[in-house]
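Here is the structure we will look at.
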Ligand SMILES: NC(=O)c1ccc[n+]([C@@H]2O[C@H](COP(=O)([O-])OP(=O)(O)OC[C@H]3O[C@@H](n4cnc5c(N)ncnc54)[C@H](OP(=O)(O)O)[C@@H]3O)[C@@H](O)[C@H]2O)c1
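Written as structure tokens, this is what we have:
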């Protein structure tokens with residue numbers, strides 16, 4: 184039986200991916216910062232504690248694997264953040280990078296030697312379509328998702344000769360309730376307040392009407408199944424059409440369509 188690790192498997196996309204992998208016959212180790220409080224665990228998933236912002240927690244999680252052969256790693260855990268660049272507290276940006284980027288990178292580094300020795304492994308980073316289509320007031324989040332994609336798109340050339348595939352799934356708007364948990368940084372007297380409020384309300388509405396986490400899970404499973412992965416898999420928010428438009432249309436047109444869609448100036 185193959186083993187998969189899914190970070191952030193307590194809710195949303197991670198939970199759906201963990202459940203789908205169990206259905207596919209994997210032994211699935213799912214993570215949560217506090218696995219004893221997971222209210223809706225995915226059936227068949229073995230939950231363990233992991234806080235990706237805490238290096239001791241990452242080390243403890245890796246040590247506790249103690250010889251478990253890990254075939255698949257899904258770097259899913261993440262947080263959403265928004266605010267005008269001028270007002271984002273640097274400590275909040277650092278914390279976001281710790282979770283969305285550095286934690287995932289450190290966990291990946293810990294699992295790579297075993298995968299390389301066995302000449303077999305699959306790593307899927309859950310990015311965001313916002314990394315391909317950046318949006319106002321999401322600069323820190325966009326930057327983390329561009330960073331995690333960058334690690335994968337560059338390292339895929341290093342890892343393929345060792346039988347390891349690494350790729351990124353970019354979800355669009357997904358109805359997981361993530362928007363309710365998004366940290367917001369904007370001052371009550373901010374000169375950006377009106378534009379920020381309107382853009383984020385539009386974003387929240389799109390997420391509330393987004394596709395399901397289970398649909399994203401199907402794309403993640405496709406990435407796991409593909410013998411040779413694509414550099415990016417996108418799902419939700421009319422991804423095939425939107426990526427095609429980006430290939431065919433001038434950048435200025437795409438930017439003004441994005442700006443109009445989110446009520447910000449292009
Ligand atoms: N929803 C969307 O529209 C959307 C779109 C594009 C990309 N994404 C990405 O998809 C991924 C999953 O998002 P989701 O929508 O499913 O959100 P979610 O339901 O809020 O799930 C986030 C997961 O991350 C875990 N997590 C949070 N902080 C953590 C930390 N410090 N260390 C380890 N794990 C932590 C949470 O687990 P605990 O709270 O149990 O620790 C939870 O399982 C994220 O990377 C997100 O950026 C989502």
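In our numbering, the protein residues as written are 184 to 449.
Even for Gly, the Cβ is constructed at its ideal location relative to N, Cα and C.
Coil, strand or helix - residue i by DSSP
i	result
residue 370	coil
residue 392	coil
residue 301	helix
residue 249	coil
residue 197	helix
residue 233	coil
residue 186	strand
residue 213	strand
residue 447	coil
residue 164	Outside the shown range of the chain, which is 184 to 449, sits residue 164, and nothing can be said about it.
residue 417	strand
residue 228	coil
Exposure of residue i, with buried meaning 16 or more beta-carbon neighbours within 10 Å
i	result
residue 420	buried
residue 343	exposed
residue 401	exposed
residue 263	buried
residue 283	buried
Heavy atom of ligand 1 within 6 Å of residue i beta-carbon
i	result
residue 354	yes
residue 223	no
residue 258	no
residue 234	yes
residue 361	yes
residue 196	yes
residue 386	no
residue 309	yes
residue 248	no
residue 365	no
residue 322	no
residue 357	yes
residue 191	yes
Near ligand 3: residue i beta-carbon under 6 Å from a heavy atom
i	result
residue 216	This structure lacks ligand 3; its bound ligands are ligand 1.
| Which residue spans inside the stretch 315-385 form an unbroken alpha helix (DSSP H) run of at least 4? | Those alpha helix (DSSP H) runs which fall completely within the stretch 315-385 and span 4+ residues are 322-342 and 361-364.
| message | Give the list of continuous beta strand (DSSP E) stretches no shorter than 3 residues that lie fully inside the stretch 249-300. | response | Runs found: 255-258.
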